[in-house]
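**Student:** All residue numbers for the sequence shown refer to this note's numbering, where the first residue is 39 and numbers rise by one.
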Amino acid sequence: KSTVPNLNKFDSTYKKNSHPPSISSFKKSLTMMFRGAILAAVATSLALLSPADAFTPNTIARSRPAFTSLSETAAPEAATSFDLNEYIASKLGAIEAALEASVKSTTPETDKICESMGYSLMAGGKRIRPVLCIAACEMFDKDGKEEAEKKAMPTAVALEMIHTMSLIHDDLPSMDNDDLRRGKPTNHVVYGEDVAILAGDALLSTSFQHVAENTENVSNDRILDVIIRLGKSVGPVGLAGGQVMDLECEGKPVDEVTLDDLRWIHTHKTATLLQVAVASGAILGGATPEEVAACEKYSLNIGLAFQVADDILDVTASTEDLGKTAGKDEDTDKATYPRLLGLEGAKAEAQRLTDEAKACLAPFGERAAPLNALADYIINRKN
39 KSTVPNLNKF DSTYKKNSHP PSISSFKKSL TMMFRGAILA AVATSLALLS PADAFTPNTI
99 ARSRPAFTSL SETAAPEAAT SFDLNEYIAS KLGAIEAALE ASVKSTTPET DKICESMGYS
159 LMAGGKRIRP VLCIAACEMF DKDGKEEAEK KAMPTAVALE MIHTMSLIHD DLPSMDNDDL
219 RRGKPTNHVV YGEDVAILAG DALLSTSFQH VAENTENVSN DRILDVIIRL GKSVGPVGLA
279 GGQVMDLECE GKPVDEVTLD DLRWIHTHKT ATLLQVAVAS GAILGGATPE EVAACEKYSL
339 NIGLAFQVAD DILDVTASTE DLGKTAGKDE DTDKATYPRL LGLEGAKAEA QRLTDEAKAC
399 LAPFGERAAP LNALADYIIN RKN
């Protein structure tokens with residue numbers, strides 16, 4: 039039945055009376071009619087409920103919207119969507135151009151050494167360290183993404199120079215003795231061991247010079263902080279110290295190498311440079327000491343996760359996919375995460391480290407989307 043009030047009743051009531059009703063009686067009648075309509079609507083709604091539901095506390099509870107706190111409210115899908123491939127593609131052109139310009143020879147006498155430096159520096163690669171540096175700078179810089187990229191680019195180039203130096207030296211016959219890197223013959227295979235060593239040395243020294251000479255619109259104190267961090271990342275409590283410990287553990291029985299040993303090696307050999315990449319970007323972008331500390335915790339975790347993923351790929355991927363010799367760790371009896379934890383244990387460790395890394399960036403919200411996406415990429419990559 040219709041629940042709309044029958045206003046004709048008012049008309050008939052008016053006709054029966056010899057005089058019009060008072061305003062108060064009219065209001066009273068109108069109120070009664072609307073109240074009846076509302077009760078009829080409620081009765082109709084309850085009739086649609088199943089007998090078990092009618093007039094129960096559960097019925098009332100379900101009809102009341104549940105309260106959800108702001109922190110519990112799910113963010114819209116669009117707010118959390120981030121295309122990492124598109125983001126990296128938007129950075130690579132500028133990164134590659136800056137890298138190429140950094141090793142151009144200026145005289146005939148430097149052609150050979152610059153060619154060797156450029157051979158390895160421009161051999162491709164994921165450019166994770168430069169991208170991390172730029173992304174961290176963008177997260178804090180208040181002058182916009184374009185300006186942040188300009189501020190971070192000299193350090194991004196320096197990071198890739200240092201990383202390339204480590205690869206050239208790591209491939210030497212006296213180290214890992216590898217003849218394939220990024221799908222190409224290693225530097226010492228092409229230029230000889232002597233020139234390869236010198237090319238690595240030149241890349242390392244040029245990295246510091248490049249930051250000092252080319253960083254603009256950043257205070258001298260912050261530039262100096264970045265240079266100090268870069269230097270520390272390569273020294274005895276950085277890459278060099280980690281490599282020595284790694285060499286000492288080669289060939290040892292599994293029960294003589296602890297998980298703590300392995301973490302120390304890769305904290306210093308691998309994670310430190312990734313840590314400097316993110317921290318330096320934050321510093322150049324104007325981050326506070328507390329914000330830099332959060333970035334350092336994030337990047338330490340992704341640095342360790344990166345090495346765990348590398349160890350897993352050495353077991354599971356092919357030489358073609360890796361662009362370097364697969365199974366090398368097992369051949370040299372090297373201490374690795376799969377060797378100590380098993381393959382599934384190593385995968386679980388990589389995921390744990392990634393989750394911890396992303397938790398460190400929670401205070402920064404959507405600004406951290408590129409860094410969070412990079413953390414996921416690091417453990418899901420194929421090479």
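We put the beta carbon where it would ideally sit given N, CA and C, even for glycine.
In this text, all values refer to a predicted model and were calculated from it rather than measured experimentally.
Please classify Val292: is it buried, with 16 or more other beta-carbons within 10 angstroms of its beta-carbon, or exposed?
**Tutor:** Taking all protein chains shown into account, Val292 has fewer than 16 neighbouring C-beta atoms within 10 Å of its C-beta and is therefore exposed.
**Student:** Going by DSSP in three states, Pro146 sits in which element: helix, strand or coil?
**Tutor:** helix
**Student:** Assign Arg219 to one of three DSSP states: helix, strand, or coil.
**Tutor:** strand
**Student:** Could you check what DSSP says for Ala250 in three-state terms: helix, strand or coil?
**Tutor:** helix
**Student:** Which residues in the same chain as Met283 place their Cβ atom closer than 6 Å to its Cβ, once the five residues preceding and following it in sequence are excluded?
**Tutor:** Cβ within range, chain order: Ile303.
**Student:** Around the C-beta of Ala309, are 16 or more other C-beta atoms found within 10 angstroms, so that it is buried, or is it exposed?
**Tutor:** buried
**Student:** Roughly how many angstroms lie between the CA atoms of Glu187 and Leu285, to the nearest whole one?
**Tutor:** 37 Å
**Student:** Helix, strand or coil: how does DSSP classify Val141 here?
**Tutor:** coil
**Student:** I'd like the list of long-range same chain contacts for Ser67, defined as Cβ closer than 6 Å, with 5 residues on each side in sequence excluded.
**Tutor:** Only weak support is given to the placement of Ser67: the predicted model assigns it a pLDDT of 49, under 50, and the value that follows is read from those uncertain coordinates. Result list for Ser67: empty, nothing under 6 Å.
**Student:** Would you identify the three-state DSSP class for Gly230, choosing helix, strand or coil?
**Tutor:** Looking at Gly230 - three-state DSSP - the assignment turns out to be coil, as it is neither helix nor strand.
**Student:** Compare the Cα-Cα distances from Arg465 to each of Gly319, Glu294, Val256 and report the closest residue.
**Tutor:** The requested residue 465 does not occur in the structure, where the chain is confined to residues 39 to 421.
**Student:** Would the beta-carbon of Asp216 fall within 8 Å of that of Lys366?
**Tutor:** yes
**Student:** To which residues of the same chain is Arg405 closer than 7 Å at the C-beta, ignoring the five residues directly before and after it?
**Tutor:** Met177
**Student:** Would you mind sorting Lys307 into buried or exposed? The rule is 16 or more other CB atoms within 10 Å of its CB.
**Tutor:** buried
**Student:** Between Ala173, Ser271, Ile206, Asn339, which lies nearest to Leu391 when the distance is taken from Cα to Cα?
**Tutor:** The shortest C-alpha to C-alpha distance from Leu391 to any of Ala173, Ser271, Ile206, Asn339 is the one to Asn339.
**Student:** Would you say Lys180 and Thr253 are within 8 Å of each other, going by their C-beta atoms?
**Tutor:** no
**Student:** Would you kindly work out how many angstroms separate the C-alpha atoms of Lys385 and Thr193, rounded to a whole number?
**Tutor:** 32 Å
**Student:** For the putative contact between Pro376 and Asp349, defined by C-beta atoms under 8 Å, what is the C-beta separation to the nearest angstrom?
**Tutor:** 6 Å between Cβ atoms; contact.
**Student:** To the nearest angstrom, how far is it from the Cα of Cys287 to the Cα of Val272?
**Tutor:** When rounded, the distance between both Cα atoms is 20 Å.
**Student:** Locate the alpha helix (DSSP H) running through Ala347, then write down its first and last residues.
**Tutor:** 327 to 354
**Student:** Of all the options Ile321, Leu360, Leu312, Glu368, which has the alpha carbon lying nearest to the alpha carbon of Arg342?
**Tutor:** Residue identity differs from the one stated: residue 342 is Leu in this sequence, not Arg. Leu342 has its Cα closest to that of Leu312, out of Ile321, Leu360, Leu312, Glu368.
**Student:** Skipping 5 residues on each side, what residues in its chain have a beta carbon closer than 7 Å to that of Val330?
**Tutor:** Ala317, Ala320, Ile321
**Student:** Kindly give me the distance between the Cβ atoms of Lys362 and Leu218, rounded to whole angstroms, as I take these residues to be in contact under 8 Å.
**Tutor:** 5 Å
**Student:** Do the CB positions of Ala174 and Ser245 come within less than 8 Å of each other?
**Tutor:** no
**Student:** By the DSSP assignment, the alpha helix (DSSP H) with Glu176 in it spans what residues?
**Tutor:** 166 to 178
**Student:** If I measure Cβ to Cβ from Glu134 and keep anything under 7 Å in the same chain, skipping five residues before and after, which residues do I get?
**Tutor:** Counting only Cβ-Cβ distances below 7 Å, and skipping sequence neighbours, we find nothing.
**Student:** Is the beta carbon of Cys398 sitting closer than 8 Å to the one on Ala332?
**Tutor:** Judged by beta-carbon spacing, Ala332 lies within the 8 Å limit of Cys398, meaning their Cβ atoms are closer than that value.
**Student:** Within 10 angstroms of its Cβ, does Val249 collect 16 or more other Cβ (buried), or is it exposed?
**Tutor:** Per the 10 Å Cβ criterion, buried.
**Student:** Nearest by alpha-carbon distance to Gly162: which of Thr144, Pro223, Val264 is it?
**Tutor:** Pro223
**Student:** With distance defined between alpha-carbon atoms, name the residue in Ser356, His226, Ile166 nearest to His201.
**Tutor:** Ile166
**Student:** Just to confirm the assignment, what range does the alpha helix (DSSP H) spanning Met160 have?
**Tutor:** Careful: Met160 lies outside any alpha helix (DSSP H) and carries neither H nor E.
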